[in-house]
Every structure is written in structure tokens, then in C-alpha cells.
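So the protein sequences, as listed, match chains A and B. For the first sequence, this note's numbering puts the final residue at 437, and the numbers step up evenly by one. For the second sequence, this note's numbering puts the final residue at 1326, and the numbers step up evenly by one.
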Amino acid sequence: MRLIRRTAAAAVLAAGCLTAATACAPGTAAPAADKASDDRTGTLQVWLYNEAGNAAKEAVVTKAVDEFQASHQGVTVKVSYIDTDASARAAKMKGAFNDPNSAPDLVEFGNTDLPGYVAAGGLAEIGPDLEKWKDKGDLDPVIAQTTMVDGKTYGLPWWVAVRALYYRTDLFTAAGLNPPTSYDELVAATQKLHAANPDTFGIAVGGKYTFGALPFVWDAGGDIATKDGAKFKAAIDSPASQAGIKRYTDLFGPDGCPAQQCADLTGGKTVDLFAAGKSAMALLPNSSRSKVDAGAVKGKYGVVPLPGEKAGSIAPAFAGGNNLGVMKAAKHRTLAVEFAELLASPAYQEKMYDAMGNLPTLKSVSGQVAAKDAFLKPFTDTIAAGTKFVPLDQAWAQIDAQSVIPTMLQQVVTGKADVAKASADAAAQINSAFAAH
Amino acid sequence: MSVSTTTAPAAPPSPKRRRGGRAPAAPPGGRRRRPPVLLLLPAAVILIPLVAYPIYQLGLLSVLDFGQAQASGGAPTSFVGFGNYSKILEDGQFWTVLLQTVGFAAFCVVATLAVGATLAVLLTKVGRWPRLLLTTAAMAAWAAPAMTGSTVWSFLFDTNLGLVNHTLEKIGLSGFHEFNWFYDKWTAFLIVGAVVVWHSFPFVMVTLYAGIRAIPEEILEAAALDGANTWTTFRRITAPMLRPILTIVVIQSVIWDFKVFTQIYVMTSGGGIAGQNLVLNVYAYQKAFASSQYGLGAAIGVIMLLILVIPTVLYIRTLRRTGNEL
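Encoded structure:
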């Protein structure tokens, strides 16, 4: 009796839901483009990343805003700085996608986020608009490639960051060493430096430092995945990739970075180790300069490109960086494109470099700042030698969120699995991520 | 024993007596049906929108392919039946994590009860000031947000700057120089377990202490007069009278410890080295929600719900059978 009554109640509830289907189904926003418009006046909403030392960035952006408002009658530019922390900004962007009414017109975003945002239907295609931009030809083509999905452009590359090898000049001199020019020299240097300075790690690497590991994989001729026709297919378990994984994980020894200390380090933690003088070398981006200068090793370090296996070669770096993108739901589409073009113009890219140390995406500006600042040479050399990128597919967001690469590295580093087993597991997860999208 | 009719709320009289006392008050069969339904209405008004509807949504999501693209209208939502469930059940890691979760929860429940019960008994034995001190300390632990507590404990066990390593080294244990407590799976679980216990023992302690206090002095006195020793008093009087409270405390602890998230997520930075310290909740987050696969995450949620229903139903049945009520 009781059972029957309970079933009846459930049936009533289900029936109620059927009649009011929208109330019971999970919410889905109307396609963003339905809400879009192209007003030429009003308030242009812009979201930029709130970065370390943001005051300098704000000063440059404020100048751009003033210039833009002066040349566009009746337009107010409102810039908000959003939290750069991965999960916070993901939540913020998801909110903007789900509720087009509260979405901004123009956003800054990390270039690896692009395919996911495109798949979510959040970004507008701006390829045709950029064709008319006078500085388009000056864009680094490899970097421009990172803003494209299926041949369509969804972003304007604003700045890039690459990683190179920071090393302690004082320790190298004391040990009678030159900066390494090959992987073997790098390993030999860790041994010699650690022997001379037992409290110092030969090199700071981390089990969670995906972009520290990838250059070794790319240098060995491997990759995360390769495009097989229209679909990506995992390549992280290929013999070449395995050789690269082995080279990276071999650095987690007693001379390099002991597994006990380094298996759970992120890239950010390796900056801290190097800045504190705890390691003789580290693979850090150009943007870490200010943090390192604030530490104990200020004035006692130099930078060279990360050497590849072949003597004198440079390991391909990950082309990290940020894009500017126009939201599909933008109310001021044309104004948003124009403001993005202004922020990415040669004058403002140079100002941004001066303020934040972010590398320009325009070749002409890149040459200028490299000539101005010798510190940049190893980084521009690294870019010139060729950079690489993660698979331009929305599956990357999943692969990244599920820590597939860090888990693989940590399994090898802690001895839970050998390279073959760990990379095969990672390949299976990567393939399943590609299959899911 | 006749004095026991003046019961305190937490100490129900023996089942036999109550049954005898209640029977005449029950309304005649025919009119018995309606009023309970009406009386349930206020609870239903709260529970249906707050509990039933979300559970319904969870179930619905779990049979859909629903990710960020679907939420923001970039792609159509599609029905995948039990696709999400089979994806999880076929994942070898899920079974490892499930086993780990059960083991970890069992450890935490037993440890929490042992610590909580011991301290509750201690509270009844000590004087006013030590009792105040202990209660205050326990309340502070209870009041500390899981996030704060976990962070502070991870500072204590920090590899390079932690107080624990520093102290152990100071007393001459050389093996603890820059010792990483979270490198080994079991030491990591042990420390996280300790933090979980630290956060949850005050509830057990306070509840059991209240329960012990609610046992009428007269009963204990009568037992003493009848010549019962401490063990007999505990077995025949304290334990049976505490059973309903103990049951609540056990169910609560099982549910809490099975659903642990913050402590694991914060202290092992998202599930430990190579995911060695994952428990179901963190697994659901890492596997599904972090990458916006809401359908998959909902399926894990439903599985957890079903797992937790089992002990709850079992306990309620046992209670009913022994004649005790919550």
C-alpha cells in the first residue's frame, strides 16, 4: 500500500515535469548570437586579466581607453580586471557564456582556453575583421595559428610568453662550467653543481609542470597528439615521446630535483625554488623575471635557451600567451574589434612590454624590444627557433583539467609505473577525451 | 525502576513500557490514515523543492551528455541513457578510488568515534575547569572552517618549513630533514585522516556527553544499590540508553567521512601525487566538474547517493527492529 502511494507520488511529479518541461530540464542558454548587436555608442565592456603587478598594466590600458574614447564620440570603455586563477576565471567565463546579458564585449583569455570557449559558442569569429587590420601582416604566423580552430580565427594574439633556462652564474663560475648547450651537458651540470653544493638542487623541475616537460617531448620528436585527418590521435606514447618523457623524468634524481621534494611541484613552485636560491637551474618564462629579481638570487643569474638533445640546438618551447577575443553575445561588435586592435597595435604592445615584460606578438615590436633589452635575447631566440602548442581542440581543456600529463609524469617520477606504462595510460585518456568531443 | 517514567528526552524508557503506554492513545483504525499525511505536508513543502527537485535534476543530468557547450547553448543536449554510468563503471580508477574511499571513511569513522567517545567519558570524570578547557578546545576545532584547518595543518607538515619536521629534527631524528609527508600514499592519508578526525570528533564528543548526562542519576544509583559493577552498568544501562544517539552519530560520521572533499583537495593539492589520495568526491570533481562534464559528474553523484542510502536504510531498519526510534 505504502509502495503504491509512493509510486503514485513519483508519477505525479514526473507528469508535472513533463507538462512543464522547461522547469525540470537543465538550463540551457539561448544561443549567444541571438542577443548580439553592433551598437556604435554606449559602454564597451572589457574583461582583462588581473596579473601580478597589475597597476602597471592598468596604467597602459587607461591610456588606451582615453585614446579610444577621444576618437569615438559617445563611447565609454569600462575595463574590469578578472581573477587569473584557472578555476576562478573558468567560472567567470562560463557565467558569461551562460548568461549573454551579463557578458562583456571583449575579453582577454589564455591561448590554451580558446578551443573550449569556441566549442561553448562563446567567441565570435573575427578573421574577416582582422583582414582589414593594418598590422595583420606583422603578426607572427606561428602565434597567429594558435588563435584558429578549423580554419577560422577567434582571437587576436596580444602577448606571448616562452620558457628558457635560468641558471646561477655564481655557481656555474665556481664550478668552472659554461651554460649547457645540450641535454647531456645539462645533466652533467646538475651532477657537478649538486656535488659542489649539496643543499642546492641541480635543476628545479616539477611533476605537475606540464609546460616544463613538453619541450623535452617536442625536442625528442614526440607530441601530445597528432592530427590524423580531421581527428586528433594521442601520440604521447610514441617511441619519440617516450624518449622525451624519460629525459624530463630522469631529472628527478638526487642530483637534479629529488622526487620526494619535486614530484608534486607546479611550474609556479619551481619559480619560488629558483628565486630562493634553492636550485642552480630552472625552466622559467620571461615573465618570472620580476619574481626572481625579488628573491635571493637577484643579479646572480643568467638565461639561455633550453638546449635540445643535439649540441647547440634549442628545444621547442610552448608558445604560451594571451589573446583578445570578441564575445559572440557582444553588444558592440565593431567597437570591440577596434579596441582590441588598438591594444594590440605596435605602440601599445611596446608599452605593455615596458610595463609587464610580456613579449610582443608583432614581429617588428619584438625586434625593437629585443634590441632594447639584452635579457630578452634567449627568449626571442627560442621563439625564432620555433615554438609548439597544445592540440587546438576543446578536448585539451579536459585533458588539462584531468591532469593527464602531470599524472603520467608523477607515476614515472615516483616509480609507480615505467615510461611505457604511464604514457600508454595517458594516451588512452587523451584518446577518450578526443572521442568525447 | 518506577522512577524512570520521569524520563529526560534523550533517554527513552524501555520499549515494553512505552508500547504499553501508547497503545490506548492510538486512534481507531479507520481515521488513522489521513492526519499523518496532512502532518507531513509542511515537511514536504520544504523537502520537495530543497531535496527532491535537486535529486531529480541530478538524475536527469546523469543520463544526458551535458557539458559547458550544452549549458551555454553552443551544442544541443543529447540523451545518452546509461552512457555516463557505464563510462564510470568501466573506469578502472573508479573502483580503486571507491575502495580507497570506503577504507578511508571507515578509518575516519572508527577513529572519530574512538576519540569522541573517550573524550566524552573523560568530560564526565574531570572537574569544571578541565572540562571547560577541553570543550573550548574542541569547539574551536569544530568551528574552524575545513579550508582553514586543512591549510594550517598542511603548514605544520610542510616539507621545508613545517613545524613538525623542524621539531622531529630538533629531537634528533635525522630522517625528517625535508621529509615530504605527502609523498607516500599512506602517510598522506594518515595526516588527512587526522585532520578529518580533528574536525569531526567534537560533534561526537558533545553529543555523547549530552547523552551520558541525560541518563537519570536515579537509574545509576539504583544499579549501584543492586550491586552492579562499572562494566555491568555500562553494558546494561549506559550503552542501551546511548544507542539511539550513537546511531545518529555513526550515520552522520559515515556520511561526512564518505563525502570528504576539502581536506583531501587542499592538503594533497587535488588528490595527491599521480592521484594516489583520490576519494570519490574529489574524483568526481577532477574527472567531471573541473572539465565541465556535468552529466558525468551527476552520474558519479547518483552512484554516491545510492551507496550512502544503503548504510542509512540498514541502520534505520536495525533501529526499528530493536524498537528504538531516532
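Idealized CB from N, CA, C, for every residue including glycine.
Comparing the C-beta of residue i with each C-beta of chain A, is any distance below 9 Å?
i         : result
ASN1165/B : no
ILE1273/B : yes
GLU1178/B : yes
LYS1259/B : no
LYS1125/B : no
GLY1270/B : yes
GLN1263/B : no
LYS1287/B : yes
TYR1183/B : yes
GLY1074/B : yes
THR1159/B : yes
GLN1068/B : yes
ALA1284/B : no
SER1106/B : The amino acid occupying residue 1106/B in the given sequence is Ala; Ser does not appear at that position. With 9 Å as the cut-off, ALA1106/B does not count as an interface residue toward chain A.
GLN1252/B : no
ALA1071/B : yes
Within 10 angstroms of the Cβ of residue i, are there 16 or more other Cβ atoms? Answer buried if so, exposed if not.
i         : result
TRP218/A  : buried
ILE1048/B : exposed
GLU108/A  : buried
ASP446/A  : Look at the range of chain A in this structure, 1 to 437, and you will see that residue 446/A is not part of it.
ASP223/A  : buried
ALA174/A  : exposed
ASP184/A  : exposed
LYS501/A  : A question about residue 501/A goes unanswered here, because the residues of chain A that appear run from 1 up to 437.
ILE1245/B : buried
ARG1235/B : exposed
THR41/A   : exposed
PRO1027/B : In this prediction, PRO1027/B scores a pLDDT of 49, lower than 50, which makes its location untrustworthy; the coordinate-derived value is nonetheless stated afterwards. PRO1027/B comes out exposed.
Tell me, please, whether the CB atom of residue i is closer than 9 Å to any CB atom in chain B?
i        : result
PHE97/A  : yes
GLY116/A : yes
GLN411/A : yes
ASP400/A : yes
ASP264/A : yes
THR380/A : no
PRO141/A : no
ALA204/A : no
ALA213/A : no
SER460/A : What is shown of chain A runs 1 to 437, which leaves residue 460/A out entirely.
SER403/A : yes
My understanding is that residue i touches residue j, with C-beta atoms under 8 Å, so please give their C-beta distance in whole angstroms.
i         : j         : result
VAL1204/B : THR1268/B : About 25 Å; that fails the 8 Å criterion.
MET356/A  : LYS57/A   : 6 Å
GLY1272/B : ALA1188/B : 6 Å
VAL149/A  : LEU376/A  : Not really, about 30 Å apart at Cβ, beyond 8 Å.
ARG46/A   : PRO104/A  : Per the sequence shown, the amino acid found at residue 46/A is Val instead of Arg. The pair is a contact, with the Cβ atoms about 6 Å apart (cut-off 8 Å).
SER1154/B : VAL1266/B : 7 Å
ALA949/B  : LEU1208/B : A query on residue 949/B cannot be resolved here, the shown segment of chain B reaching from 1001 to 1326 and no further.
MET327/A  : LEU123/A  : 7 Å
PHE1258/B : THR1101/B : 6 Å
In the DSSP assignment, find the alpha helix (DSSP H) that holds residue i and state where it starts and stops.
i         : result
PHE302/A  : Position check: residue 302/A holds Gly in this sequence, whereas Phe was assumed. Looking at the DSSP string, GLY302/A is not in any alpha helix (DSSP H); the run it does join, the beta strand (DSSP E), is 301 to 304.
THR1268/B : No alpha helix (DSSP H) contains THR1268/B, which DSSP labels as neither H nor E.
VAL205/A  : From DSSP, VAL205/A is part of no alpha helix (DSSP H); its letter is neither H nor E.
ILE82/A   : Run containing ILE82/A: none in the alpha helix (DSSP H); it sits in the beta strand (DSSP E), 75 to 83.
PRO1076/B : Per DSSP, PRO1076/B belongs to no alpha helix (DSSP H) and is neither H nor E.
LEU114/A  : 114 to 119
Kindly indicate the opening and closing residues of the beta strand (DSSP E) around residue i.
i         : result
ASN322/A  : 320 to 326
LYS227/A  : 225 to 228
THR43/A   : 42 to 50
ARG168/A  : 163 to 168
PHE1094/B : Segment 1092 to 1125 is the alpha helix (DSSP H) holding PHE1094/B; no beta strand (DSSP E) there.
GLY110/A  : 106 to 110
PHE1066/B : That residue, PHE1066/B, is in no beta strand (DSSP E); it is neither H nor E in DSSP.
ALA282/A  : 281 to 285
Taking 8 Å as the cut-off, does the CB of residue i come closer than this to any heavy atom belonging to the ligand NAD?
i        : result
PRO179/A : Absence of the ligand NAD from the depicted structure is noted, as is the absence of any ligand whatsoever, leaving it without description.
Would the segment 188 to 199 of chain A count as touching the segment 295 to 306 of chain A if we require 3 or more Cβ pairs under 8 Å?
The segment 188 to 199 of chain A and the segment 295 to 306 of chain A do not touch, with fewer than 3 CB-CB distances between them shorter than 8 Å.
Indicate whether the contact test is met: 3 or more Cβ pairs, each with one atom in the segment 1243 to 1253 of chain B and one in the segment 1053 to 1063 of chain B, closer than 8 Å.
Taking a cut-off of 8 Å on C-beta distances, the segment 1243 to 1253 of chain B does not touch the segment 1053 to 1063 of chain B, as fewer than three cross pairs fall below it.
Take every Cβ of the segment 158 to 175 of chain A, pair it with every Cβ of the segment 315 to 325 of chain A, and state whether three or more of those distances are shorter than 8 Å.
Yes, the segment 158 to 175 of chain A is in contact with the segment 315 to 325 of chain A.
Measuring CB atoms only, is the segment 334 to 342 of chain A touching the segment 360 to 379 of chain A, in the sense that at least three cross pairs come out at less than 8 Å?
No contact exists between the segment 334 to 342 of chain A and the segment 360 to 379 of chain A.
At least 3 beta-carbon pairs within less than 8 Å: the segment 1197 to 1217 of chain B vs the segment 1138 to 1145 of chain B
The segment 1197 to 1217 of chain B is in contact with the segment 1138 to 1145 of chain B.
Is there contact between the segment 394 to 412 of chain A and the segment 1297 to 1317 of chain B, where contact requires at least three CB pairs shorter than 8 Å?
Note that the segment 394 to 412 of chain A does not touch the segment 1297 to 1317 of chain B; fewer than 3 beta-carbon pairs, one per stretch, sit closer than 8 Å.
Pairing CB atoms from the segment 344 to 355 of chain A with CB atoms from the segment 365 to 373 of chain A, are three or more of them under 8 Å?
A contact exists between the segment 344 to 355 of chain A and the segment 365 to 373 of chain A.
Kindly confirm or deny that the segment 1192 to 1199 of chain B and the segment 1215 to 1235 of chain B touch, where touching means at least three C-beta pairs closer than 8 Å.
Judged by Cβ distances under 8 Å, the segment 1192 to 1199 of chain B makes no contact with the segment 1215 to 1235 of chain B, as fewer than three pairs qualify.
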